[in-house]
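Chemist:
Residue numbers (the numbering used here), protein chains in the order written: chain A, 1 to 69; chain B, 1 to 188.
So this is what it looks like as structure tokens:
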């Protein structure tokens, strides 16, 4: 259970937030995590769905959007 | 605004929206359901979007509402059932940094959703404290304290807190991983 390891029992000094280095390390990892997700290819189904929605809207007669009456 | 340009704007936001969704729910499968529904709602409510304001923030708000109203319970049960979240969905070339990412995501997944979302919005998506506060419907001070708690907890989970030497994060994370232990920090 890693009882002997100090690293496994971290303490936050004074509860006053993290030191700058830890903050920076977390910030970097967070951005790497996010960038990795952002770089993933967008599934076609989203683009196809938006294409369908757009096509449906454009095929509507001009007056059809005006249904407030 | 013409529908065409609105669509292009939506398309441009999909990668970021997806990244936010994955960070929020911890599952790529669920995230894609969320994104699809959010896009659908955004499209049918496009007249409610105020040009000049942040489309990203607006989409995050929509997606977040869907998540909390419909998916949260479900996704807690199936969190990372596809295992893709911790592995990553992008093709990762650098094996070493990939390992870092797995560690980081494992830790991130242990945070409460309200901390994870704030961390993602402010720390990675480039939203301001003000935008995050508006999206979550809380005060800016609440956003700041959630951020602070999230960072503290992450640093505990990653074993960063007591490491004050000059090494890089990669080495820090690697050093904090005990030999043979699958999950040394899961003590809740």
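Beta carbons are placed, not taken as given, at the ideal position from N, Cα and C, and that holds for glycine. Values in this document were obtained by computation on a predicted structure and should not be read as measured data.
By the criterion of Cβ-Cβ separation under 7 Å, what are the contact partners of residue 58 (chain B) in chain A?
Modeler: Simply none; closest approach about 16 Å.
Chemist: Any beta carbon of chain B sitting closer than 7 Å to that of residue 54 (chain A)?
Modeler: Chain B, which has a Cβ nearer than 7 Å to the Cβ of residue 54 (chain A), makes this yes.
Chemist: How far does the alpha helix (DSSP H) with residue 26 (chain B) in it extend, from its first residue to its last?
Modeler: Segment: none, residue 26 (chain B) is in no alpha helix (DSSP H) and carries neither H nor E.
Chemist: Return the Cβ separation of residue 125 (chain B) and residue 16 (chain B) in integer angstroms, given the expectation that the two are a contact with Cβ distance under 8 Å.
Modeler: Correct: roughly 6 Å between the Cβ atoms.
Chemist: Is it true that the stretch 60-75 of chain B meets the stretch 105-112 of chain B, where meeting means three or more beta-carbon pairs spaced less than 8 Å apart?
Modeler: They do not touch, by the three-pair rule.
Chemist: To the nearest angstrom, how far is it from the Cα of residue 25 (chain B) to the Cα of residue 113 (chain B)?
Modeler: Looking at the two C-alpha atoms, the distance is approximately 8 Å.
Chemist: State the Cα-Cα distance for the pair residue 32 (chain A) and residue 101 (chain B), rounded to the nearest angstrom.
Modeler: Roughly 7 Å between the two C-alpha positions.
Chemist: With a cut-off of 8 Å on the beta carbons, I'd call residue 50 (chain A) and residue 7 (chain B) a contact; round off their distance for me.
Modeler: Yes, they are in contact, since the Cβ atoms of residue 50 (chain A) and residue 7 (chain B) sit about 5 Å apart, within 8 Å.
Chemist: Going by beta carbon distance, what residues of the same chain come within less than 8 Å of residue 139 (chain B), once the five residues before and after it are set aside?
Modeler: Contacts found: 133.
Chemist: Can you tell me whether residue 45 (chain B) is helix, strand or coil according to DSSP?
Modeler: Coil, per DSSP.
Chemist: Would you mind telling me which residues of chain A sit closer than 8 Å to residue 119 (chain B), beta carbon to beta carbon, in chain order?
Modeler: Correct list: 30.
Chemist: Taking the CB atoms as reference points, tell me whether residue 13 (chain B) and residue 59 (chain B) lie closer together than 7 Å.
Modeler: Yes, these two residues count as a Cβ contact at 7 Å.
Chemist: Using 7 Å as the threshold, is the C-beta distance between residue 21 (chain B) and residue 34 (chain B) below it?
Modeler: The answer is yes: Cβ separation under 7 Å.
Chemist: Looking only at C-alpha atoms, which of A:44, A:30, A:20, A:22 sits nearest to residue 19 (chain B)?
Modeler: The residue with the shortest Cα to Cα distance from residue 19 (chain B) is A:30.
Chemist: What does the alpha-carbon distance come out to for the pair residue 53 (chain A) and residue 51 (chain B)?
Modeler: C-alpha separation (whole angstroms): 20 Å.
Chemist: Looking at the secondary structure, which residues open and close the alpha helix (DSSP H) in which residue 123 (chain B) lies?
Modeler: Residue 123 (chain B) -> alpha helix (DSSP H) spans 113-123.
Chemist: Please state if the CB of residue 118 (chain B) and the CB of residue 143 (chain B) are separated by a distance shorter than 7 Å.
Modeler: Yes, these two residues count as a Cβ contact at 7 Å.
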